[in-house]
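Q:
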Amino acid sequence: MTLTKQDIGRLLAKQGILIAFAVFMIGFALANQRFIAIDNIAGVIRSSAILGVMALGVTFVVIGGNLDLSVGSMMSFSTIVVLDLHDKIGPTLAIPAMFGLTLLLGAFIGFLVGYLKLNSLIVTLGMLSAIHGLTLTWSGGKNMDIADKSGTWFSFFGQDRIFGIPMPILIFALLAVLLSLLLARTPFGRKVYAVGGNGQAATFSGIPRARIVFFTYLISAFCVAMAGLLQASRSLGSQNTVGQGMELEVLAAVILGGASLLGGAGTVFKTVVGVLILGFIQNGLLLVGLDFYVQYIVTWAIIILAVWLDVAAKRGRLWSPIA
Amino acid sequence: MTDPTPVLRLEGIVKSFPGVRALDGVSFDVRPGEVHALMGENGAGKSTLMKVLGGIHAPNEGKIFIAEEPVVMTSPMQAKAKGVVFIHQELSLADELTVAENIFLGELPLKSFGRVDWAKLYARTDAILKKLNVRFTAKTRVGDLSIANQQMVEIGRALTVSPRAVIFDEPTASLTDAEKVVLFDVIADLQSQGVGIVYISHRMEEVFKITDRISVLRDGQYRGTLITADTDEDEVTKLMIGRSLDLSRNESHHEMGDVALEVRGLSCGTLFQDVDFAVRKGEVLGFYGLVGAGRTEIAETIFGLRNPTAGQIYLNGREVRIHSPIDAVRMGISLVPEDRKGQGLVLSMNCRDNMTLPQVDDMTAGPFVSDGAEIAIFDQYRDKLDIRTPGWRQLVGNLSGGNQQKIVIGKWLSMRPDVLIVDEPTRGIDVGSKSEIHSLIRDLAAQGFAVIVISSEMPEVLHVSDRIVAMYSGKVMREFTSEEVTEDNLIQAISGITEKVA
Numbered sequence: 001m002t003l004t005k006q007d008i009g010r011l012l013a014k015q016g017i018l019i020a021f022a023v024f025m026i027g028f029a030l031a032n033q034r035f036i037a038i039d040n041i042a043g044v045i046r047s048s049a050i051l052g053v054m055a056l057g058v059t060f061v062v063i064g065g066n067l068d069l070s071v072g073s074m075m076s077f078s079t080i081v082v083l084d085l086h087d088k089i090g091p092t093l094a095i096p097a098m099f100g101l102t103l104l105l106g107a108f109i110g111f112l113v114g115y116l117k118l119n120s121l122i123v124t125l126g127m128l129s130a131i132h133g134l135t136l137t138w139s140g141g142k143n144m145d146i147a148d149k150s151g152t153w154f155s156f157f158g159q160d161r162i163f164g165i166p167m168p169i170l171i172f173a174l175l176a177v178l179l180s181l182l183l184a185r186t187p188f189g190r191k192v193y194a195v196g197g198n199g200q201a202a203t204f205s206g207i208p209r210a211r212i213v214f215f216t217y218l219i220s221a222f223c224v225a226m227a228g229l230l231q232a233s234r235s236l237g238s239q240n241t242v243g244q245g246m247e248l249e250v251l252a253a254v255i256l257g258g259a260s261l262l263g264g265a266g267t268v269f270k271t272v273v274g275v276l277i278l279g280f281i282q283n284g285l286l287l288v289g290l291d292f293y294v295q296y297i298v299t300w301a302i303i304i305l306a307v308w309l310d311v312a313a314k315r316g317r318l319w320s321p322i323a
Numbered sequence: 324m325t326d327p328t329p330v331l332r333l334e335g336i337v338k339s340f341p342g343v344r345a346l347d348g349v350s351f352d353v354r355p356g357e358v359h360a361l362m363g364e365n366g367a368g369k370s371t372l373m374k375v376l377g378g379i380h381a382p383n384e385g386k387i388f389i390a391e392e393p394v395v396m397t398s399p400m401q402a403k404a405k406g407v408v409f410i411h412q413e414l415s416l417a418d419e420l421t422v423a424e425n426i427f428l429g430e431l432p433l434k435s436f437g438r439v440d441w442a443k444l445y446a447r448t449d450a451i452l453k454k455l456n457v458r459f460t461a462k463t464r465v466g467d468l469s470i471a472n473q474q475m476v477e478i479g480r481a482l483t484v485s486p487r488a489v490i491f492d493e494p495t496a497s498l499t500d501a502e503k504v505v506l507f508d509v510i511a512d513l514q515s516q517g518v519g520i521v522y523i524s525h526r527m528e529e530v531f532k533i534t535d536r537i538s539v540l541r542d543g544q545y546r547g548t549l550i551t552a553d554t555d556e557d558e559v560t561k562l563m564i565g566r567s568l569d570l571s572r573n574e575s576h577h578e579m580g581d582v583a584l585e586v587r588g589l590s591c592g593t594l595f596q597d598v599d600f601a602v603r604k605g606e607v608l609g610f611y612g613l614v615g616a617g618r619t620e621i622a623e624t625i626f627g628l629r630n631p632t633a634g635q636i637y638l639n640g641r642e643v644r645i646h647s648p649i650d651a652v653r654m655g656i657s658l659v660p661e662d663r664k665g666q667g668l669v670l671s672m673n674c675r676d677n678m679t680l681p682q683v684d685d686m687t688a689g690p691f692v693s694d695g696a697e698i699a700i701f702d703q704y705r706d707k708l709d710i711r712t713p714g715w716r717q718l719v720g721n722l723s724g725g726n727q728q729k730i731v732i733g734k735w736l737s738m739r740p741d742v743l744i745v746d747e748p749t750r751g752i753d754v755g756s757k758s759e760i761h762s763l764i765r766d767l768a769a770q771g772f773a774v775i776v777i778s779s780e781m782p783e784v785l786h787v788s789d790r791i792v793a794m795y796s797g798k799v800m801r802e803f804t805s806e807e808v809t810e811d812n813l814i815q816a817i818s819g820i821t822e823k824v825a
């Protein structure tokens with residue numbers, strides 16, 4: 001059997017991400033032995049956890065056929081709010097209050113996109129800016145710090161370990177399993193795929209499209225709140241811009257995992273893979289001695305590559321004269 | 324009779340798609356100054372043939388000749404350069420541009436530095452518009468024109484070159500009678516200039532009025548060419564469907580039950596007005612009419628996708644209000660929609676998930692969807708409807724049209740509805756599957772379902788229905804029992820000729 005040019009094109013289109021990832025990994029490992037050390041790998045997973053938790057939620061939104069670009073600034077909001085409330089009403093009340101407020105933001109986006117049927121790109125891009133403004137208003141533009149950093153149990157979520165496993169990894173894993181079951185095994189999950197795969201057919205099948213979209217944004221907001229909790233708990237103090245730019249990284253991870261930007265395809269497990277790929281690539285870039293700033297450019301390149309391959313996989317070849 | 328050099332000739336064209344031989348040795352020719360009708364049922368291969376001619380599909384075998392010179396078509400642009408132009412049924416105009424810009428789109432006359440030569444553009448457009456004898460000017464915005472005038476712009480596009488052959492694909496589908504006359508004048512004019520015309524249409528009266536010869540396709544095969552003057556509708560029909568139009572149908576020997584669905588005075592804005600009908604359990608009620616007569620809109624209203632502006636819907640004798648498909652499904656109304664891929668199926672999902680989609684909430688064990696229950700439903704309806712698929716994991720996008728349609732029908736049958744509405748059940752489906760779906764519809768009625776069938780194909784409506792409602796422009800013109808109906812009175816009713824019989 002010989003590979004024709006077409007076969008290679010199809011293979012690249014279908015498995016391109018994994019191939020590219022393998023090439024990267026081998027390259028990094030050759031360039032720096034530390035890259036494949038156990039503690040480095042654990043470190044990568046740990047530092048990917050916050051991004052990962054956010055990506056889990058966005059997976060639902062994307063499979064449902066929409067985008068969520070507001071998660072970065074929403075995460076800043078959650079972090080600032082929970083840190084501020086920690087000193088004002090105590091951690092026991094601050095955490096549920098922060099979750100409530102973040103879910104409210106998610107519900108608002110879900111209402112605009114689901115029920116009013118506004119374009120999700122515009123809505124969430126607008127919310128990115130609006131929520132940033134909300135965060136600055138809340139904090140008065142100042143950094144937020146917990147007064148008594150050593151005297152609070154609040155650091156539990158971000159800094160403690162259970163059976164030697166860091167809490168952020170544990171929470172990421174637990175949430176991934178739960179959300180994976182929700183998406184893959186429940187009627188709700190099935191409807192998310194239907195709404196994203198063909199919204200009109202879903203309507204014609206008696207599925208409440210608006211409500212499903214609404215819930216995908218609630219799930220996304222819940223994950224953002226969780227990420228904000230991890231972030232705040234890890235650092236016990238934060239700038240207003242802590243989540244800035246994460247929306248793109250999250251989106252990159254989700255698409256990298258193979259969720260289609262057109263909706264209807266993807267899984268939670270694949271998103272986890274996407275998160276890890278992104279984490280390892282960023283880590284590898286640092287280890288080979290490249291500047292921290294380079295990862296912004298690389299993230300962009302990864303998004304473009306992933307989107308291109310997604311489209312290419314649909315039409316069965318890398319390039320086509322007609323869209 | 325002399326046989327001048329044909330302007331366009333096809334010889335032994337074969338085009339296969341995976342699993343289908345869409346064209347199987349088709350030959351025909353068009354002579355200068357001739358109007359040559361190309362007829363055939365939906366799916367007979369007319370549009371595939373036109374795509375081959377326009378270079379969109381490359382034929383597997385066969386040759387195309389223009390004025391007896393062999394050519395290979397690679398794109399519609401290239402076909403046009405060679406003098407073969409297409410007037411499509413669906414308009415492809417840019418609303419925001421002017422008539423002149425649309426007509427010369429892609430070939431605007433230019434001055435130096437790529438600037439548009441407006442004076443030349445308008446002058447040339449005016450010359451074309453004059454030929455077409457229309458009242459609008461070159462600078463009119465296309466979006467402001469009526470559909471008929473937009474069609475004229477589309478025809479105008481064909482005239483930017485001096486064409487040898489012009490292919491009209493169902494050009495009268497959206498025209499009024501007066502507008503048709505103008506179109507026929509344009510065709511006659513082209514004819515007198517020695518242009519060969521291919522005229523694709525389902526409408527017998529038009530074909531007999533303006534064409535010289537008629538070629539017929541059936542199931543992708545060339546079935547013969549008739550001289551229009553020497554033939555009649557019956558002979559053409561025989562060639563098209565392979566038998567005389569069979570008005571008889573499988574007589575239903577089953578009992579009919581009570582009225583399942585009744586509609587009184589139902590209106591929805593300008594879409595349809597004052598519609599009355601009833602369908603009984605065990606009965607197939609056919610809706611026949613032209614595109615735009617309001618049939619699909621009635622179905623969508625009953626299914627809760629549109630809000631009626633007046634009238635009542637009774638289900639099993641009780642008045643109901645249906646605000647959404649969710650209501651409709653709960654009340655036992657199912658709709659197999661017209662657009663199978665757009666509205667019926669999620670192509671990226673597998674067969675089983677598509678089939679169980681409307682009832683996935685009820686198929687749970689604990690919080691999770693029960694695989695077993697779903698597979699049981701799928702297996703049951705796969706066997707019942709004879710759906711041919713390698714297994715439930717197959718994506719529906721990979722099935723043939725007929726099997727896709729059966730998945731949609733299975734999806735709604737498994738809901739055990741009281742009323743099943745089927746909109747264009749066999750559109751784009753091959754002939755074998757067509758008759759299977761027809762007998763399936765009869766079977767369903769025999770099992771006591773109340774079935775409404777909406778169709779634009781007369782043989783289909785005649786074949787499956789116990790009664791037929793004829794619609795014209797949003798109104799019920801007449802209701803026929805299967806004894807009363809004839810092809811003639813049905814055609815009259817849907818053309819708005821008969822008044823409603825009280």
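The listed protein sequences derive, respectively, from chains F and H.
According to my numbering, the first sequence holds residues 1 to 323 in order.
According to my numbering, the second sequence holds residues 324 to 825 in order.
Idealized CB from N, CA, C, for every residue including glycine.
1. Between Leu767/H and Leu785/H, is the Cβ-Cβ spacing less than 8 Å?
2. Are any of the Cβ atoms in chain F nearer than 8 Å to that of Ser469/H?
3. Out of curiosity, what's the CA-to-CA distance linking Val58/F and Val288/F?
4. Would you tell me roughly how many angstroms separate the C-alpha atoms of Gly285/H and Val792/H, rounded to the nearest one?
5. Taking 8 Å as the cut-off, does the segment 361 to 379 of chain H touch the segment 513 to 528 of chain H (at least 3 CB pairs, one atom from each stretch)?
6. Opposite Tyr795/H in the DSSP bridges: which residues?
7. One question on the structure: do Glu556/H and Leu549/H come within less than 8 Å of each other, judged by their Cβ atoms?
8. Is the beta carbon of Gly64/F closer than 8 Å to that of Val272/F?
9. Residues in its own chain within less than 8 Å of Arg211/F by CB, not counting five upstream and five downstream?
10. Does the Cβ of Asp542/H have 16 or more other Cβ atoms within 10 Å, making it buried, or fewer, making it exposed?
11. Run through chain H and tell me which residues come within less than 9 Å of Gln244/F, C-beta to C-beta.
12. Quick check: the segment 465 to 480 of chain H against the segment 415 to 432 of chain H, are at least 3 beta-carbon pairs closer than 8 Å?
13. So, Val832/H versus Asp599/H, is the Cβ gap smaller than 8 Å?
14. Using beta-carbon positions only, say whether Gly27/F and Val275/F come within less than 8 Å of one another.
15. Between the C-alpha atoms of Ala345/H and Gly368/H, what's the straight-line distance to the nearest angstrom?
16. Could you say if the segment 705 to 723 of chain H and the segment 664 to 683 of chain H meet the contact criterion of at least three C-beta pairs nearer than 8 Å?
17. Quick one: what does DSSP say His786/H is sitting in, helix, strand or coil?
18. Is there contact between the segment 462 to 479 of chain H and the segment 400 to 419 of chain H, where contact requires at least three CB pairs shorter than 8 Å?
19. In whole angstroms, what is the alpha-carbon distance linking Phe111/F and Ile537/H?
20. State the CB to CB distance for the pair Ala135/F and Asn240/F, rounded to an integer number of angstroms; the pair is presumed to be in contact (CB under 8 Å).
21. Would DSSP call Ser538/H helix, strand or coil?
22. Run down chain H in chain order and give the residues with a C-beta less than 9 Å from the C-beta of Ala265/F.
23. Mind checking which residues open and close the alpha helix (DSSP H) that includes Gly106/F?
24. Determine which residues of the segment 670 to 694 of chain H have a Cβ less than 8 Å from any Cβ of chain F, and write them out in chain order.
25. Would you mind reading off the limits of the alpha helix (DSSP H) that contains His132/F?
26. What's the call for Ile171/F, buried or exposed, on a 16-neighbour Cβ count within 10 Å?
27. How long is the line joining the alpha carbons of Asp310/F and Ala20/F, rounded to whole angstroms?
28. Could you please give me the residues that DSSP links to Leu638/H through a beta bridge?
29. For the segment 56 to 91 of chain F, which segments carrying the beta strand (DSSP E) assignment without a break, of at least 3 residues, lie completely within its bounds, in sequence order?
30. Quick check for students: name the residue ranges of the beta strand (DSSP E) that lie wholly in the segment 221 to 279 of chain F, counting only runs of 3 or more.
31. Could you please give the first and the last residue of the uninterrupted beta strand (DSSP E) stretch that includes Asp291/F?
32. Taking Gln666/H as the query, report the chain F residues whose CB atoms sit under 7 Å from its CB, ordered along the chain.
33. DSSP three-state label for Asp662/H, please.
34. Let me confirm a value: Met74/F is counted as buried when at least 16 other C-beta atoms fall within 10 Å, else exposed. Which label applies?
35. Helix, strand or coil, according to DSSP, for Ser693/H in the structure here?
36. Compare the C-alpha of Lys604/H against each of Leu613/H, Trp441/H, Ile656/H and name the closest.
A: Taking the structure as given:
1. no
2. no
3. When rounded, the distance between both Cα atoms is 31 Å.
4. In the structure displayed, chain H extends from 324 to 825; residue 285/H sits before or after that span and is not available.
5. yes
6. Lys798/H
7. no
8. no
9. Gly114
10. buried
11. Those within 9 Å of Gln244/F in chain H number zero; the least Cβ separation is about 34 Å.
12. Segment contact: the segment 415 to 432 of chain H against the segment 465 to 480 of chain H, three or more CB-CB distances shorter than 8 Å; contact assigned.
13. Outside the modelled stretch of chain H, which goes from 324 to 825, sits residue 832/H, for which no answer is possible.
14. no
15. 6 Å
16. Verdict: yes, contact present.
17. helix
18. yes
19. 58 Å
20. The question names Ala, yet the displayed sequence has Thr at residue 135/F. Right, the Cβ-Cβ distance comes to about 5 Å (below 8 Å), so this counts as a contact.
21. strand
22. Ser671
23. Element bounds for Gly106/F: 91 to 110.
24. Residues of the segment 670 to 694 of chain H with a C-beta atom less than 8 Å from some C-beta of chain F are Leu670, Ser671, Met672, Asp676, Leu680, Pro681, Val683, Asp684, Met686, Thr687, Pro690, Phe691, Val692, listed in chain order.
25. 120 to 139
26. If you draw a 10 Å sphere on the C-beta of Ile171/F, you find 16 or more other C-beta atoms in it, and that means buried.
27. Approximately 14 Å between the Cα atoms of the pair.
28. Leu584/H, Arg641/H
29. none
30. none
31. Where Asp291/F is concerned, there is no enclosing beta strand (DSSP E), given that its DSSP letter is neither H nor E.
32. Gln200, Ala201, Phe204
33. coil
34. buried
35. coil
36. Ile656/H
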